[in-house]
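J.: Per full-length UniProt numbering, the very first residue in the sequence shown carries number 1; after that it's consecutive. Below you will find the structure I want to go over with you.
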Amino acid sequence: MSQIKEILCMHHSHLDIGYTHPQNMLLELQCDYLEQAIDLCEITKDYPDSSRFCWTCEATYPLLKWLETASPKRIALFRELVARGQMSITALPMHTTPGCTSFQLSQALSTLNTIRTLTGSSVSTAINHDVNGQPWTLSSFMLDSHIEFYMTGINIHMGGIPFPRPYLFEWETPDKRRLPTFLGEHYSLFSQFLFTAENDTQKMHKGITDYVSRLESCTWNYDFAVLTATNPPLFDNNCPDHNLADLIRRYNGEGHEQTIRFITPEMLYQRLYGSHIQNVPVHRGDWNDYWNFGSGSTARETKLNRRAKQLLRKADFLECVSPSSSDAHYQKVHAESYENALLYDELTWGSCTSVTEFDQEETYAQEIHKKDFAYRCADTSAYLLSQQMEAAACNPAQSDSQDGIFLVNPTGFPVDQDLYVPSSYLQPGRTLSAVRAKSYLPYDTNHPDQTYLGNVTVPPFSSMKVPFKSIPALSRKADTITITDTIITTPFYKVTLDPETKRIKQIENRSNKQQLIDETSRWVFFDIIKEQIDPAQADPERSTIFPRDVDLGNRNISQWATGWPALYESTSFLFDTKITCEDDKVTLAYELQGCGLDNIHQTISFSANHPRILLDAVFSNKNGRTPHGIFFAFPLNLSKDWDCVYDTADTFVHFDTDILGSACRDWITVDKTVSVFEKGSGVTLACPDAPLIQVGGFHFGREEKEMKRSKNPLLLAWPMNNYWDTNFAIQQTGKIHFHYELTALETFTSERAYELGMLANSPCVTGSAIHCQNTQITQYLSCDNPCVYPIYLQPIRGTTDTLAAIKNFNDMPCDCTITLPGLSITAAACCDIQGEPTKFLETANNKSVKVPVLPSGIAFIRFYKES
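Listed below in structure tokens is the structure:
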């Protein structure tokens, strides 16, 4: 006799926006699938309880599309099915990557109350199938959205799982709350293991017997098994299986030892926690994702999308704190911008045959659609920011002259801003807001005609109007930079150069005399390196790194070929190095060759005004389809006791003590920065354009279970690769520019790392001030605690109110007092992500409110403003 008496089947359509079909076709099909699921629920409503058809809406994005055009009659029927328990809605709009920012995640969850109202569902569960992880921040955000249960079905193809599965645990959030989490089997295995496409109960019984036997040999202690169903041959983007309810009914009627039962995630949660279980294990940490290495296959668009999201954050800040209004058109563009950003950060990059049939029309179509999400977001986010900047500066649409510039700092720290403006701003002549709008586009330009005006300090959460005539008086005088043949000295660093090549041999932090670079390394500072399979030892095919076997993957057996032979190549010189000193900085410019790249131009700049080392590389990638990666190397001079901290969606993670189980350690996806340090010395690397990092050496495909801390670690920025063997681009050509910033540190603090990450993202916005006779500073918001302050503000649509995300950078509970001097606050409340109040707070003079925040947490505050 078996311990397992029931096989629980959760039926869903696994959402890949692309992969099996072009994106636009797929989204229309998903609406059809929902109609079919409703009909199947109705047809089987009188079936026995176990075989009554149930459907789970795995993602809310297709549901919202369906609700736009569904008839009142169908919506009413949908609500009835929800009430009967045959229809389930889970909380997440789609399956996304760690490329998502915290404000993007909160925006993605903001529609839940609308869905709850329209459908009658409590929406208390969330699902991520396929993807290998999510930012740790999302665990908190799910609790802040009243999600009680999180369920996953990871695909270990070029990936991995944090614990042997199936496994129930409680995921401890960054602020030490707990989210019940079920690490389920790979999605669709009910269909695969039980041969449902063959509609044969004998084969189904053999599949159940085999799976139950395997499950009973592990540590699963329940009297039921859980598998999810799709509809082969569509394992992804599938319609409901129209035969499944009858197949299950027939099987159950045959009187087998195990009964099959349709379930929803809510039913599973009740079964798991209704079994009087005790001592559910608790695990904390970032669920670092294997799969996001694919973002390096479209590096140009990844960079563009990251930049565009920063524009959205800035536009939201201005909309919340300035007196400008947003009409219906603006709100429509705003919603589309966030939607396109999220669609780019969705897990699917293109066709399932992108590598095997790279020259087919559908491959091109899906790649174009995917990239289009990034470009649409870039264009419309620039439009939104231009609208807010023009309104806040009170600029007319047309003028014959311009008096000065308008600066906005939406961050909680002062910013020393280098003032570069288009030279046309300084010339008399007609100027149009429509022309100025284009200056906000997050695109690189070849030769921008700009003039450097100096450096000014912009206070936190403030704007400045500065007439051109006043800028020289406001500018800080730079400290001296000295240059000899082999030594460059700035107020912050002493830089030693190789006398022949002028490559950097050493950088000394002048404040503590610590030397940053490991001079014994094979690689030089900011070296460009190409990694590829060594053709002398193995075939240069992706299967050399990951010889995929679907059956092994379904049985949770890893297929990483961890010993794959790698070959490394770095660049060499073409021309002499140029050293220039202007605009308060010294710049080393290199022309390089090698690594399968063309027209390599690299610059390293040291400023007299700040300690951030500005790192830029521009090159054109050749038409290389064989698997390879491109890296930038930073050989660090540290002892073996070094530590590493990176941020993901505004949560700081100690690598690897804060990584969940055996989630990915080969590489990490950073939101803004990664810091590698020991007591008294280290560096922070800000990564505004490319999120992928490897720490301690080259680790791709090595499936490391822990970080090996050896002396003098090699920090690697990893902007590009084409390693994925299915739906990611096999090649990327053309010119691309990557920017990084490296800063020496003596003591690591998360607030300083956050600040450095924001500075690399150019936090201040520079625009035109058409009418500006005198310098004016306007403070929009103030906060009395430098370790606790708002990291973003978002408008709550349909109201005049604001949702503020307050970040605590400390590991202890903290308070801060927030004041909005230019606005009248009628009330303020702690709230959920949807803006619903949970506790009203006392306000002072309709301007200030004291806010409590959990340790290392993000609190949400609703500011009620006069309409």
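Just so it is clear, CB atoms sit at the ideal spot from N, CA and C, and this is done for glycine as well. For clarity, every value in this text was computed on a predicted model and none was experimentally measured.
Taking a contact to mean a Cβ-Cβ separation below 8 Å, would you say isoleucine 115 touches methionine 151 in this structure?
T.: Contact: no.
J.: Identify whether glutamine 797 lies in helix, strand or coil by the three-state DSSP scheme.
T.: Note that residue 797 is arginine in the sequence shown here, rather than glutamine. It is coil, neither helix nor strand.
J.: Between the Cα of residue 878 and those of Asn761, Gly857, Phe468 and Asp801, spot the shortest distance and give me the residue it belongs to.
T.: With the chain represented from 1 up to 867, any question about residue 878 goes unanswered, as that position is not in the structure.
J.: Taking the continuous alpha helix (DSSP H) assigned at glycine 207, which residues delimit it?
T.: Its alpha helix (DSSP H) spans residues 201 to 216.
J.: To which residues does DSSP link residue 870 through a beta bridge?
T.: No answer is possible for residue 870: the residues shown for the chain start at 1 and end at 867.
J.: Measure the CB-CB distance between alanine 341 and glutamine 134 and report whether it falls below 8 Å.
T.: No, Cβ-Cβ distance for alanine 341 and glutamine 134 is not below 8 Å.
J.: Pick out the complete beta strand (DSSP E) segments inside the region 392 to 465, 3 residues or longer, and give them in chain order.
T.: For the region 392 to 465, whole beta strand (DSSP E) runs of length 3 or above, ordered along the chain, are 404 to 409, 415 to 422 and 450 to 458.
J.: From which residue to which residue does the beta strand (DSSP E) around glutamate 266 run?
T.: Unbroken run through glutamate 266 is the alpha helix (DSSP H), 265 to 273; no beta strand (DSSP E).
J.: When you compare only the Cα positions, how much space is there between valine 853 and cysteine 814?
T.: The alpha-carbon atoms of valine 853 and cysteine 814 are separated by roughly 5 Å.
J.: Going by CA-CA distance only, name the one from Gln36, Tyr754 and Glu357 that's closest to glutamate 741.
T.: Closest option to glutamate 741, Cα to Cα, is Tyr754.
J.: Just list the alpha helix (DSSP H) runs in the region 543 to 588, keeping only unbroken ones of 4 residues or longer that don't cross its boundaries, in chain order.
T.: The region 543 to 588 contains these whole alpha helix (DSSP H) runs: 550 to 554.
J.: Rounded to whole angstroms, how far is the Cβ of serine 768 from the Cβ of aspartate 811, which I believe are closer than 8 Å?
T.: With 8 Å as the limit, serine 768 and aspartate 811 do not qualify as a contact, their Cβ atoms being about 43 Å apart.
J.: Confirm, please, whether the CB-CB distance from arginine 214 to glycine 184 is below 8 Å.
T.: Not a contact, by the Cβ cut-off of 8 Å.
J.: Taking the continuous alpha helix (DSSP H) assigned at arginine 284, which residues delimit it?
T.: First-last for arginine 284: 282 to 284, but that is the beta strand (DSSP E), not the alpha helix (DSSP H).
J.: Taking the straight line between their C-alpha atoms, what separation do you get for arginine 79 and methionine 87?
T.: Those two C-alpha atoms are separated by around 8 Å.
J.: Is the region 821 to 835 touching the region 135 to 147 in the sense that three or more CB pairs, one from each, lie closer than 8 Å?
T.: Touching, per the Cβ criterion.
J.: In the DSSP assignment, find the alpha helix (DSSP H) that holds lysine 65 and state where it starts and stops.
T.: Lysine 65 -> alpha helix (DSSP H) spans 60 to 69.
J.: Which residue or residues does DSSP assign as beta-bridge partners of tyrosine 493?
T.: In DSSP, tyrosine 493 forms a bridge with Asn509.
J.: Measure the CB-CB distance between glycine 701 and isoleucine 545 and report whether it falls below 8 Å.
T.: Contact flag set, yes.
J.: In or out: isoleucine 557 buried (at least 16 other Cβ within 10 Å) or exposed?
T.: Exposed, by the Cβ-count rule.
J.: DSSP three-state call for glycine 682: helix, strand or coil?
T.: The answer is strand: DSSP assigns glycine 682 an E or B state.
J.: Using the beta-carbon count (16 or more within 10 Å), is phenylalanine 317 buried or exposed?
T.: Answer is buried; the Cβ neighbour count reaches 16.
J.: Would valine 355 and aspartate 725 qualify as a contact pair, given that the criterion is a beta-carbon distance under 8 Å?
T.: Result yes, Cβ atoms of valine 355 and aspartate 725 sit closer than 8 Å.
J.: Between leucine 194 and the rest of its own chain, which residues show a CB-CB distance below 6 Å, the 5 nearest in sequence each way excluded?
T.: The residues are Met204 and Gly207.
J.: Less than 6 Å between C-beta atoms, sequence neighbours within five positions excluded: which residues of the same chain meet that for arginine 436?
T.: Taken in chain order, the residues that qualify are Ser768.
J.: Quick one: complete beta strand (DSSP E) runs, 3+ long, within the region 630 to 701?
T.: Runs found: 643 to 648, 651 to 654, 673 to 678, 681 to 686 and 692 to 695.
J.: Only counting the same chain, and skipping five residues up and downstream in sequence, which positions put a Cβ closer than 6 Å to that of alanine 663?
T.: Here the set comprises Gly133, Pro162, Trp287 and Asn288.
J.: Measuring CB atoms only, is the region 417 to 425 touching the region 439 to 450, in the sense that at least three cross pairs come out at less than 8 Å?
T.: Yes: the two stretches touch, three or more of their Cβ pairs being nearer than 8 Å.
J.: On the DSSP bridge assignment, give the partners of glutamine 593 in chain order.
T.: DSSP lists Ser572 as partners of glutamine 593.
J.: Name the one or two DSSP bridge partners that methionine 389 has.
T.: BP columns for methionine 389 are empty, so no partner.
J.: Exposed or buried, isoleucine 43, counting other C-beta atoms within 10 Å across all chains shown (16 or more means buried)?
T.: Answer is exposed; the Cβ neighbour count stays below 16.
J.: How about proline 232 and alanine 197: do their beta carbons lie closer than 8 Å?
T.: Their beta carbons are under 8 Å apart, which means proline 232 touches alanine 197 by this criterion.
J.: Going by DSSP, what residue range makes up the beta strand (DSSP E) through glutamate 531?
T.: Segment 527 to 533, the beta strand (DSSP E) holding glutamate 531.
J.: Using the Cβ count rule (16 or more neighbours within 10 Å means buried), how would you classify cysteine 54?
T.: Burial call: buried.
J.: Going straight from the alpha carbon of tryptophan 560 to that of methionine 267, what length do you get?
T.: Going by the C-alpha atoms only, they are around 35 Å apart.
J.: Tell me which residues share the same chain as glutamine 310 and place their Cβ nearer than 6 Å to its Cβ, disregarding the 5 neighbours each side in the sequence.
T.: The answer, listed in chain order, is Asn761.
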